[in-house]
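Take 4 as the starting number for the sequence shown in this note's numbering and just add one per residue.
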Amino acid sequence: MKNILSALLLASGLMLSAQVGINTDSPKAKLDVNGDMNMRDKIAVLDATDNSLSQGNNDQLLVSQGVGYAPIWKTLRIPEYEPNKFYLIFNNSFSDKAGVEFVTSEQPNMTTSKAATFTKGADITSLKGFKKIDGLSQTISVFSTESKAYFQFETVVQANFGANGNPDTSIDYACGIFVDNKLINMRQRNLRAINSQYPFLTHNQIGIVQNLSKGNHTVSVACSRLASYGDTSKKLAIGKNTSTNINDFVAQSSLKVDVYEVPQVFNPIIN
């Protein structure tokens, strides 16, 4: 009889109290446990939409959705890594239809040779006449000190040349891939007048950089008009069209980024 009376009194206290504390006199929730809790049976989550109980599946975790929302069951997927092997950790691609355009007056006056000027690690501020393709300036993430980042840049280059430039008409240009404004890859080419007007070409280049520091880095692409021959009044466009024989969709630029790493940081799970 004494046990029954105690149980009734405890139940009455629970119903009358808004908050219940175990090992605490000032509970901060409807049930506040100050200490260890040992669950011997099941945990279930109430779905208020249909009053059903969800117990989750084997190996699932109970994840909070924030204040005012019931937690949900989620499956934690952790890939298995072999030590000292590279894995694709970051992958993304970007595009740009605005491009850049150059007239003859924007050609830099290079006081040194191209070989001396275009060196790996050169800061973009030291390379006169280069313009960034804005839509390709993006942030990438690196999580390991052992990494290899691959960049694949593709665009279309066009000049508003007439047919069969006379005298011989062409433009030298260069495009570089930069990480944190430091040059990691450079390609130089020449666009020449041909037997049809408004010629264009597809420009491709691939850059590689190893062992970037852990954290966020900015990758960007910039191009420059280097020299003009023959009719120097013509415009050069990179990643955009100068004439209507192609459009901005055909001329657009793209940049693909792949970062491979030897994983170093893991979040351990204790059973």
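Using N, Cα and C, we set each Cβ at its ideal position, and we do this for glycine too.
Keep in mind the model is a prediction, meaning the values are calculated, not measured.
- Counting along the chain, residue 252 sits inside the alpha helix (DSSP H) bounded by residues 251-254.
- DSSP places residue 118 within a helical segment (H, G or I) once states are collapsed to three.
- Listed as beta-bridge partners of residue 192 by DSSP are 176.
- Under the 8 Å Cβ criterion, the region 123-135 does not count as touching the region 144-164, having fewer than three qualifying pairs.
- If you ignore the 5 residues before and after residue 153, its C-beta comes within less than 6 Å of the C-beta of 211, 261, all in its own chain and listed in chain order.
- Residue 258 and residue 23 have their C-alpha atoms roughly 58 Å apart.
- With respect to the 7 Å criterion, residue 224 and residue 180 are classified as neighbours on the basis of their beta carbons.
- Check the Cα spacing between residue 32 and each of 54, 70, 55: the tightest is with 70.
- Listed in chain order, the non-local C-beta contacts of residue 67 below 7 Å within the same chain comprise 74, local neighbours out to five positions each way being set aside.
- The beta carbon of residue 109 sits closer than 7 Å to the beta carbons of 132, 228 from its chain, once the five residues preceding and following it are set aside; these are given in chain order.
- For residue 35, the enclosing beta strand (DSSP E) stretches over residues 34-36.
- When DSSP states are grouped into helix, strand and coil, residue 138 belongs to the helix group.
- Residue 95 and residue 50 have their C-alpha atoms some 37 Å from each other.
- Taking the Cβ atoms as the reference, residue 240 lies roughly 5 Å from residue 104, within the contact range of under 8 Å.
- A Cβ-Cβ separation of about 7 Å places residue 245 in contact with residue 201 under the 8 Å criterion.
- Note that the C-beta distance between residue 99 and residue 127 is not below 7 Å.
- Closest by C-alpha distance to residue 191, out of 118, 97, 101, is 118.
- Here residue 263 is near residue 151, since their CB atoms are less than 7 Å apart.
- Separation of residue 65 and residue 77 (C-alpha to C-alpha, rounded to the nearest whole angstrom) is 6 Å.
- Spanning the alpha carbons of residue 149 and residue 213 requires a straight line of approximately 8 Å.
- The C-beta distance from residue 243 to residue 101 rounds to 7 Å, short enough to meet the 8 Å contact threshold.
- The Cβ neighbour count for residue 158, taken over all protein chains shown within 10 Å, is at least 16; the residue is labelled buried.
- DSSP lists 64 as the beta-bridge partner residues of residue 77.
- Setting aside the 5 residues that flank it on each side, residue 193 is surrounded in the same chain by 173, 175, each with a C-beta closer than 6 Å to its C-beta; the list follows chain order.
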